[in-house]
Amino acid sequence: MSATFDKIKNFLESPVSYALIKNKDLFRDNYYAQSYSEALPMTDHYYHPLNPCFLFELTGPAIMQHSPIICIRDGYLSFMDFLLNNHQSLTHWNTLFLVPKIYEKLIPPHLASFFLGYDFSQEKTKMSSRDKFIFAYLTEEYLGNNIEESLGQLTFSPQDKVTLFLPQETNLEKISYNNIFAQEFLFELSKKLKDHSVRHINTYDFLNTADFSSYDFIDLASDHALVYDNFVKFLMASRGCKSVFGASNQTPLLTIDISMFHRMNLYEIHPSNDIFPELLLFKKQNPNKKLLEDSYFLGTLRQFMKSSP
Amino acid sequence: MSKILCLYSNKTSSWISCQKIVANLWQSYTLASNDAHQLHFGPEQKSQDLISLAQEIVDLAPDTISFIDHRPHPYDLLQYLIPLWMKNHSTFPELIFHVYGDFTLSYHKWSAMKHLIKGIKVKFCVASTAQRALIQKLILNDIHHVPFAVNPQDFFYDEKLREKTRKELNLSKDENLYIFTGRLSYQKNIHLLVERFLSHVESKNSSEKLLIFGHFDDLGDSFSDYQALTGHYYHQVNDILKKHSRRDQVIFKGMADSKKLNEYYNASDFFINLSTHNDEDFGMSVAEASHCGLSSIMTSWGGLKDFNFTPNKYLGVSISPRKSIDLSLLETYLDQSNNYDRKKLSQEALDKFSIQASAERIKEVVKTSGTVFEDFTDLFYRIHRNVLYTKKPYLNIDDQLNSLYRELYVSYL
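Residue numbers (the numbering used here), protein chains in the order written: chain R, 29 to 337; chain Z, 389 to 801.
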C-alpha cells in the first residue's frame, strides 16, 4: 500500500498533474459534448489534482498511458460496466483508479491493487438554515421510481424558504417517459411545498451564484447509480455551503483539499466477490448485450447496492 | 426638477460589487431628484414583457431615462421603447448610461445601438478618470464622471470598533494586519499577492497576517487567453501556500456581509489590491475600505488610480509585451507604519465616494444638456472587427498583447 501512496504523492508533487489539465483537447473537450450533456450540470467538469473524469472520457489506452492516476466520477452503473469490460486490461495500463469508497464491494480481490477508495467531507455542521436548497435531476434513474419515498426525506418548518434547482431532460422532438415522470414528481413536490416560499433557479443562475453559505443543501437522489462526484455538490461546497458532505467517519489514509471548504479522503478498499463473478458470467453468456441497456444487469446491480451494507 | 426614470435589473447581479453599486446609485438618484422613479427589466424577459414595460415607460413620460445596471444591456429594452415612444413624440427623453467595466466586452450590442440612439441626446457616465479616458477613445460624445457610491451607513471609520476587533484578533498596536476583499481570481492576481506576502513575512520572520475575503473563481483572463477549469485557481494558490512555512499567516475567510467587512476594514492596517483586470473601472472594495479610513497598497491601474489619498501607495503596471506589475516597492510598502490619520482618510473618501457625493455629481449631469449621439469612434470599429473575426482580438500572432490593446488600455496606466 505504501507504493500506492508514494505514487499519489509523486503525482501530486509532479508537474505532470498540471500537464494533464493543459491537455484539455486530448483529454476532454472533443468527447464531452457528445455524451452526458443532458445530465448537465451534474457532470460538468472541474479541476482537482487527481484528474476527476468520467469513464466515457477515457477513449483509449493513450489516455491511460498519459494518466498514472484517474479519479472516477461515474455512478456505479457505468463503473461496473467499465470494470466488466476492462478488467483484463487493468494490468496493462498501470493506472491507479480512485473510485468512490462505496464501490469497493463491486471490485473483486484480484483487482484491488488497481483501486483506491475516496469520498468527500466537510466539517460537520448542523442543518440549521431556513433557506433550503433542493437539487434533483428529474429522471427516474436519478430519483428512483418511488416518488413518495424520495420526497419522504423532506421535512420543513413553516418558515423555511425553498430554492429548487431541478434540471431535466429537454428534447423538443419527443415526449419521453422521463418528461411524464418529471411532471408527476413536480406535482407531488408542489403539494409538499404549498405553504412555503419557493424560488426556482436555472443552471445559469446556479452557476452565477457567488455564495451558498446561507443554504442547507438537499439532494433528492436515491443513490449513486448515475453520478457520484456531482458538479452541483462541488460548486455548492466550494462556494460556502456547509451541508453538502458530512464529516468523515473513517480515518483516511490521505486527505486532499478540493476547495476552501471541502476535501477528498482516500482509503484502502476492501474488495469482495459478492457480485462481480455473477455479472461477469452474465456478460460472457450474453456477449452482444449492452449492459447499460439491459434490465437484468441494471436491476441486479441496483438491488445489490441497495441491499448490501 | 425633471422626472428621472432609473432602470435596472430585476435580478440581482452575481457580481457582489455590482449589487452594491446599483443599490447605491439608485439611492444617489433619490437624493439627487425628488422625482426619481424606478422600473426593472431582466435578462430573461420575453419580448412581450419588454413591450409592456416600454408602454409603461411611455405612460410615465420621464424627461430622463437612466440605465444604472450593467445587465441586461440597454439595447434589449430600447429596441422596443424608442419606436413606441416616437410614434407619438418628436423627441425622445435624454438617455443616461452608467457604463461599467464590461463595456469593452459588449461591442456587438453597443454597435447595434448605434442606429437606435442616433439623434437622441445621450450622456455616458463612467466611474473613474481612467475609465473616462478609455471610453472617450470609443465614443464621440462627452463622458461624465460619476464615481460609484459607497453607503456610509455600511462602511465607516470607528476607532472603538477597530480596538474591539483587533483585541478579538489578538493584535498588538504596532502589528500590521493586511486585508484583501473581492473575487479570488486570476484577474485579481491573488497568486501573486499570496506569494509576495508570504515571501515578505518569511524574510522578516514576522508574524503579520493577511486576511482574504471572497470566493475563488476561474474566469481566467479572456483577453490574454488564459482559461482554466472550474476549481483550478484554488489549487494554483494552494500550491503556492504549500511551498511556504508561514502559510497559516494567510487566512481565507470566505464571503462576509457588509457588517463583518466593516469590522475587519476598521481592524486592518493596509488593504492590498494587485489587480490588473481589464474591467477594473473603479475599485469598489478599495472605496469601501477607504470609508473605514483604511489605507491601500495597489496597482496603478484603471479606476484604482482615483484613490490617491495621502497614505495610499501605488505599484507601477506595464502592458507591453504582457501585463506585469513592478513589485520592487512592495516590500517597502508592506513595512510601513500603521500610524496614519485614518479619520482624515475616511473623510476624504466620504467627500469623493459617498452616496451624497455621487448624488451631487448626478445633479450636475442631469442639469447639463446632453449631446446628440452621432457615432462610435474609428477605434471602436477596429476593435469590433477584431472581436468579430478573431478568437483572440487583443493578441498578436505570437500571443503578446497587440497594438489595439495598447491603444485602448494605455488609459488604464
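Positions of the beta carbon are idealized from the N, C-alpha and C atoms, including for glycine.
Note down the Cα distance separating residue i from residue j, rounded to an integer number of angstroms.
i	j	result
T32/R	R520/Z	59 Å
K222/R	F161/R	16 Å
Q467/Z	V775/Z	23 Å
P450/Z	A442/Z	12 Å
G671/Z	S276/R	41 Å
H298/R	A140/R	8 Å
Y340/R	K37/R	In the structure as shown, chain R begins at 29 and stops at 337. Residue 340/R is therefore absent and cannot be evaluated.
N661/Z	A677/Z	11 Å
S560/Z	N726/Z	11 Å
I208/R	R330/R	22 Å
L649/Z	G103/R	41 Å
D188/R	P69/R	26 Å
S185/R	F245/R	15 Å
F543/Z	L248/R	41 Å
V705/Z	T664/Z	8 Å
Q724/Z	I409/Z	31 Å
L134/R	I286/R	26 Å
Y652/Z	M643/Z	12 Å
Y850/Z	I750/Z	Outside the displayed span of chain Z (389 to 801) sits residue 850/Z, for which this structure offers no information.
Using the three-state DSSP reduction, which class does residue i fall into: helix, strand or coil?
i	result
F325/R	helix
L254/R	coil
G172/R	coil
D636/Z	helix
H228/R	strand
M264/R	helix
G145/R	strand
Q426/Z	strand
M474/Z	helix
H603/Z	coil
N314/R	coil
D542/Z	coil
I100/R	strand
P305/R	helix
G274/R	coil
I531/Z	strand
F163/R	strand
G642/Z	strand
T790/Z	The amino acid at residue 790/Z is misidentified as Thr; the sequence shows Asn. If DSSP states are grouped into helix, strand and coil, N790/Z belongs with coil.
N650/Z	helix
L703/Z	strand
Give a yes or no on whether the C-beta atoms belonging to residue i and residue j are separated by under 9 Å.
i	j	result
S494/Z	T452/Z	no
L580/Z	L715/Z	yes
L124/R	I98/R	yes
P136/R	F304/R	yes
E668/Z	Y782/Z	no
H679/Z	S594/Z	no
I771/Z	L528/Z	no
E296/R	G145/R	yes
Y170/R	A253/R	yes
K693/Z	T517/Z	yes
Less than 8 Å between the CB atoms is what I'm expecting for residue i and residue j, so what's the real figure, rounded?
i	j	result
I639/Z	I600/Z	7 Å
D605/Z	L617/Z	About 12 Å separates the two Cβ atoms, so there is no contact after all.
A655/Z	T553/Z	4 Å
A265/R	F289/R	5 Å
F273/R	Q150/R	5 Å
K502/Z	D763/Z	7 Å
Any beta-carbon of chain Z closer than 9 Å to the one on residue i?
i	result
L263/R	yes
Y75/R	yes
M288/R	yes
N236/R	yes
D34/R	no
A61/R	Caution applies to A61/R, whose pLDDT of 44 falls short of 50 and renders its modelled position unreliable; the model cannot decide the point.
P280/R	no
Is there at least one Cβ from chain R nearer than 9 Å to residue i's Cβ?
i	result
K509/Z	no
G608/Z	no
H579/Z	no
A616/Z	yes
M643/Z	yes
F429/Z	no
W414/Z	no
H620/Z	yes
Please tell me whether, using a cut-off of 8 Å, the distance from the CB of residue i to the nearest non-hydrogen atom of the ligand COA is below it.
i	result
T32/R	The ligand COA is not part of the structure shown, which contains no ligands of any sort.
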